[in-house]
Every structure is written in structure tokens, then in C-alpha cells.
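Participant:
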Amino acid sequence: MDSSHNTDKQTWQDILHKASEKPWRYGYLSLMRFFGAQYPLQLPIGDAVRPQQEPFRLGQSPSLIFAPREIASTSLTSEGKFRIQLFGLGLWGANGPLPMHYTEIALSRRDSNRDSTLVDFADLFHHRYLTQFYSAWQSAQSAGGGLDRQDAEEFSFFIASLSGQSLEEFAESPLPSHPRLAAGAHLVREARNPDGMTSTLSHYFGVPFTLEEYVLHWIAVAPEERTRLGIPGPASVIGEGALVGQMVPDRQHKFRLIIGPLNLDNYLHFLPNGRDLPRLIEWVRAFIGYEYEWEIQLQLNPRSAPPAQMSSDQRLGWTTWLGQSMNDLPVAGMTYEPEQYSSIRQL
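Residue 338 in this note's numbering sits at position 338 of the sequence shown, and the numbers go up by one each step.
Okay, structure coming up:
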């Protein structure tokens, strides 16, 4: 038996122990959904041909009282099967289809005579019925069927369709599909706003993000559009298309993402070879595509900035600062354009 199965079994033993101590905190559907998610290699609940293929047993505990809760008891059988007994949804009890004296007979034989044959026989049908009941419920729950088991992924497809996205586009992306789908409310709007981007990035990475708009940058002028003496054309008309130099200033097509203040570990994650940079690039591309130029400015917590020292593993221009800050203002870190480093191997 592999270690992953042992881990799952131990997890379920903990859940059963908690459910036996406080059964009112657990429901049948939620307990079975957790069970199905813990054993993704098993057949979906309700699809097994024989009970031997399922590592659990479901049944109903006969009782003459109205059900105070769904779960009556949980235990582990001698065969290692998880046994879950319910108060309702079966043949016995005040809400069951059988007359009450059948419940009295089953209860008397089990408790007085220590003979659970009748209860066990009814549980053969209870087990099959309850698994089919859960399977019918789960088939109508897109979240339960699509998130718990990867082989029945439907929920992501539904959410992606609402936001006009395709799961096939996410296959080669370093950004997982679920975070991108969670931001569908921001991505579905054609007019993207800075607050939507910064709130999404802050929530995903767990660090502060702010966006500075209208950042000054220089746009290179194509050689054929430059002003040259003796060459007629629109670029030679003073006051209309004439330009001085090879570049022009612009503030309409670039913004800056300010990240921080960060501790040193998070700061390293956003460097050009940091592990979070590919996901950050994918997030920005998802919001604005390739239309705008952008850069990031890293800010470091003053208490986390190590002073430069000889014979250390610090990198000049990357993780070195002269002296220590005497105030609580963030320390300026690296400022660069991530798109220029998108192909660098990440550490």
C-alpha cells in the first residue's frame, strides 16, 4: 500500500473520529463529497458494480425518535471499511416507509438480543440506495462534480464559458486555470480598470500591488518616418509631421506596477529569474494583452534590506544596498520591464 493511500486513510480516520464525537457538525452529502474527493482513484460514488469495490459502507440505524441530525454514527469495520450510519433516508423510523413495528423488531433484536442480522440485511439495500441518492445529487452539482474529481472536470468549463475563455488556452500557461477563472468578473469586462488588476494580483500573490498610470517612456521612430533634410514627405513639414531626433516621449501607453513593501524572500520571487514572474506576466497579459508597455518597481521593507557585504552571495544591482535605512519608508528595489525577461529560466 503506497504512502499516499496511507495519508488519505489517516485523514479519513481523523474525520470519522471527529464525526463520531460531534456528529451534528457533519451532513451526509458533505461527508460523502469529502470522501469522493479523498479517493480520486476509486470509482465515483454510485458507479461501483459491487459493494466490494467501495471502501465504505452506508446504512441506517433503526430508531423510534425523529431524526435529530443526519449522521447517527461513524466507525471503522474489522475489514477496514468506513461505516457510516444515518438516522433517516432509509426504511426505519418515523419517516420511513415501513410500519413502526418493523423498526421496533429491528431495534429490539439488535439491542436486546445482540442480533443485527435484520439491520445488516436492510443495509444491503440502504447502501446501494444511498450511493445512488448521492450520485443523483452530485450529477446536479456542477461544483461538486467538477472540482472534486479531475476526471470529471465540468465546473471550470462552465465558468470559462461565462467569461469567454477556453480551457485549452490554459494548457501551456504557467498560471493555473482556477485563479484565472476566479478573476472572470474582471476579465469579462472590456473596460479594464486598475483597481480590478491590483486587487486580483494582491489576492493571488498575497503582497501589496499599486498601479501608476501614464508613465513616461520613449517610443522609437521608424527610419522612414524621421525628418531628414532634402527628403520630401509628411515628416519634412514643420508644424505637422516634422520630428527632431529618433525617439518621441509618450505617457499614454505605459503603466507601472509597484509591488511592496516586500520581505526579502518575496522580493527574490519577483526578480527577473524569480518563480513568480511568469505568473505575473500571464496575469498582466490576461488583463491588457500586448497593447501597453509596462514595468514593475519592487519595494523592500527597510528591515529586510541586507547591507552590502564583501564575500557574500549578494548580487550587485539585484540584492545589494549601501547601508541601512534610518526610517520606515520602503527601500527602492529593482525596476525593469518583465516582458524583456519572459524567456529567462526561472529559479
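Every residue gets a Cβ at the ideal spot worked out from N, C-alpha and C, and that includes glycine.
Just checking, does the segment 84–99 make contact with the segment 63–75 on the three C-beta pairs under 8 Å criterion?
Facilitator: The answer is yes - the segment 63–75 touches the segment 84–99, with three or more Cβ pairs under 8 Å.
Participant: Enumerate in chain order the residues of its own chain whose CB-to-CB distance from histidine 269 is below 7 Å, with the five nearest sequence positions on each side excluded.
Facilitator: Along the sequence shown, read from residue 1 onward, the residue named residue 269 stands at position 269. If we look at histidine 269 and ignore the five residues flanking it on each side, its Cβ neighbours are Arg275, Asp276.
Participant: How would you call lysine 22, buried or exposed, if buried means at least 16 neighbouring beta carbons within 10 angstroms?
Facilitator: On the sequence shown, position 22 is the one that residue 22 refers to. Burial call: exposed.
Participant: Compute the Euclidean distance between the alpha carbons of proline 208 and proline 261, then round it to the nearest angstrom.
Facilitator: Here residue 208 refers to the residue found at position 208 of the sequence shown. Here residue 261 refers to the residue found at position 261 of the sequence shown. Cα to Cα, proline 208 sits roughly 7 Å from proline 261.
Participant: Run through DSSP, which three-state label would lysine 254 get?
Facilitator: Walking along the sequence shown from the start, residue 254 turns up at place 254. DSSP places lysine 254 in strand when its eight states are reduced to three.
Participant: Take the Cβ of leucine 58 as the centre, count every other Cβ of all protein chains shown within 10 Å, and call the residue buried at 16 or more, exposed below.
Facilitator: By one-based count along the sequence shown, residue 58 stands at place 58. Leucine 58 comes out buried.
Participant: Ignore the nearest five residues each way along the sequence and tell me which others in proline 179's own chain have a CB closer than 6 Å to its CB.
Facilitator: Locating residue 179 in the sequence shown gives position 179, where the first residue counts as 1. Same-chain partners within the cutoff: Tyr204.
Participant: Can you tell which of Ile45, Gly36, Phe56, Ile71 has its C-alpha closest to the C-alpha of arginine 25?
Facilitator: Translated into positions along the sequence shown, residue 25 becomes position 25. Checked all of Ile45, Gly36, Phe56, Ile71; the closest Cα to arginine 25 is Ile71.
Participant: With C-beta atoms as the reference, is tyrosine 359 less than 8 Å away from arginine 251?
Facilitator: The requested residue 359 is not part of the displayed model; the chain covers only 1 to 347.
Participant: Span of the beta strand (DSSP E) holding glutamine 299?
Facilitator: Along the sequence shown, read from residue 1 onward, the residue named residue 299 stands at position 299. Run containing glutamine 299: 293–300, per the beta strand (DSSP E) assignment.
Participant: Round the Cβ separation of leucine 243 and arginine 226 to the nearest angstrom and send it over; I've been treating them as touching at under 8 Å.
Facilitator: For the purposes of this step, residue 243 is taken as residue 243 along the sequence shown, with counting starting at 1. For the purposes of this step, residue 226 is taken as residue 226 along the sequence shown, with counting starting at 1. Yes, they are in contact, since the Cβ atoms of leucine 243 and arginine 226 sit about 6 Å apart, within 8 Å.
Participant: To the nearest angstrom, how far is it from the Cα of alanine 106 to the Cα of leucine 118?
Facilitator: By 1-based counting over the sequence shown, the position of residue 106 is 106. By 1-based counting over the sequence shown, the position of residue 118 is 118. Whole-angstrom Cα-Cα distance: 6 Å.
Participant: Taking serine 177 as the reference, give the member of Gln60, Arg189, Glu154, Glu190 with the closest Cα.
Facilitator: Residue mapping note: residue 177 aligns to position 177 of the sequence shown, counting from 1. Taking only the C-alpha atoms, the option nearest serine 177 is Glu154.
Participant: Look at the alpha carbon of glutamate 295 and the alpha carbon of phenylalanine 255, and state the distance between them as a whole number of angstroms.
Facilitator: Position 295 of the sequence shown, counted from the start, is the residue given in the question as residue 295. Position 255 of the sequence shown, counted from the start, is the residue given in the question as residue 255. Looking at the two C-alpha atoms, the distance is approximately 7 Å.
Participant: So, for glutamate 337: in the same chain, excluding its five sequence neighbours on each side, which residues have a beta-carbon less than 6 Å away from its beta-carbon?
Facilitator: Start at 1 with the first residue of the sequence shown, and residue 337 comes out as number 337. Same-chain partners within the cutoff: Glu295.
Participant: What is the DSSP secondary structure of tryptophan 218, reduced to helix, strand or coil?
Facilitator: What you label residue 218 is simply residue 218 of the sequence shown in a count that begins at 1. If DSSP states are grouped into helix, strand and coil, tryptophan 218 belongs with the strands.
Participant: Could you check which residue in Leu181, Thr131, Ala171 has the C-alpha nearest to that of leucine 162?
Facilitator: To locate residue 162, count along the sequence shown from 1; it is residue 162. Comparing Cα-Cα distances from leucine 162 to each of Leu181, Thr131, Ala171, the minimum goes to Leu181.
Participant: Measure the alpha-carbon distance for leucine 316 versus methionine 310 and round it to whole angstroms.
Facilitator: Residue mapping note: residue 316 aligns to position 316 of the sequence shown, counting from 1. Residue mapping note: residue 310 aligns to position 310 of the sequence shown, counting from 1. Cα-Cα distance, rounded: 11 Å.
Participant: Work out the CA separation of glutamate 172 and glutamate 282 for me, nearest whole Å.
Facilitator: Taking the first residue of the sequence shown as 1, we reach residue 282 at position 282. Taking the first residue of the sequence shown as 1, we reach residue 172 at position 172. Whole-angstrom Cα-Cα distance: 11 Å.
Participant: Which value, in whole angstroms, describes the spacing of the CA atoms of serine 304 and leucine 264?
Facilitator: The sequence position of residue 304 within the sequence shown is 304, counting from 1. The sequence position of residue 264 within the sequence shown is 264, counting from 1. If I take the Cα positions, the gap works out to 6 Å.
Participant: So, at 7 Å on beta carbons, what are the nonlocal neighbours of alanine 308 in its own chain, with the 5 sequence-adjacent residues on each side left out?
Facilitator: As a first step, residue 308 must be located in the sequence shown, where it is residue number 308. Around alanine 308: Gln314, Thr320, Trp321, Leu322.
Participant: How about leucine 31 and alanine 48: are their beta carbons less than 8 Å apart?
Facilitator: Counting from one through the sequence shown, the residue named residue 31 turns up at place 31. Counting from one through the sequence shown, the residue named residue 48 turns up at place 48. Cβ distance not < 8 Å, so leucine 31 and alanine 48 don't count as in contact.
Participant: Give me the Cα-Cα distance between tyrosine 102 and glutamine 138, rounded to the nearest whole angstrom.
Facilitator: Within the sequence shown, the letter at position 102 stands for residue 102. Within the sequence shown, the letter at position 138 stands for residue 138. Distance between the alpha carbons of tyrosine 102 and glutamine 138: 32 Å.
Participant: Provide the residue span of the alpha helix (DSSP H) that contains methionine 197, from first to last.
Facilitator: Here residue 197 corresponds to residue number 197 of the sequence shown, with the count starting at 1. It spans 194–205 - the alpha helix (DSSP H) in which methionine 197 sits, taken as one unbroken run.
Participant: Between the C-alpha atoms of leucine 130 and leucine 124, what's the straight-line distance to the nearest angstrom?
Facilitator: For this step, residue 130 is matched to residue 130 along the sequence shown. For this step, residue 124 is matched to residue 124 along the sequence shown. Rounded to whole angstroms, leucine 130 to leucine 124 spans 10 Å at the Cα level.
Participant: Look at glycine 333 and tyrosine 267 and say whether their C-beta atoms are less than 8 Å apart.
Facilitator: As a working mapping, residue 333 is identified with position 333 in the sequence shown. As a working mapping, residue 267 is identified with position 267 in the sequence shown. Yes; because the gap between Cβ atoms is below 8 Å, this pair is in contact.
Participant: Expressed to the nearest angstrom, what Euclidean distance is found between the alpha-carbon atoms of leucine 16 and serine 75?
Facilitator: Mapped onto the sequence shown, residue 16 falls at position 16. Mapped onto the sequence shown, residue 75 falls at position 75. Going from the Cα of leucine 16 to the Cα of serine 75 covers about 7 Å.
Participant: Thinking C-alpha only, which one of Arg110, Gln52, Pro44, Ala37 is nearest glutamine 60?
Facilitator: The count along the sequence shown starts at 1 and reaches residue 60 at position 60. Looking at the Cα atoms, Arg110 is the closest of the given residues.
Participant: Tell me the start and end of each unbroken alpha helix (DSSP H) in the segment 9–45 that is at least 4 residues and wholly inside, in chain order.
Facilitator: For the segment 9–45, whole alpha helix (DSSP H) runs of length 4 or above, ordered along the chain, are 28–38.
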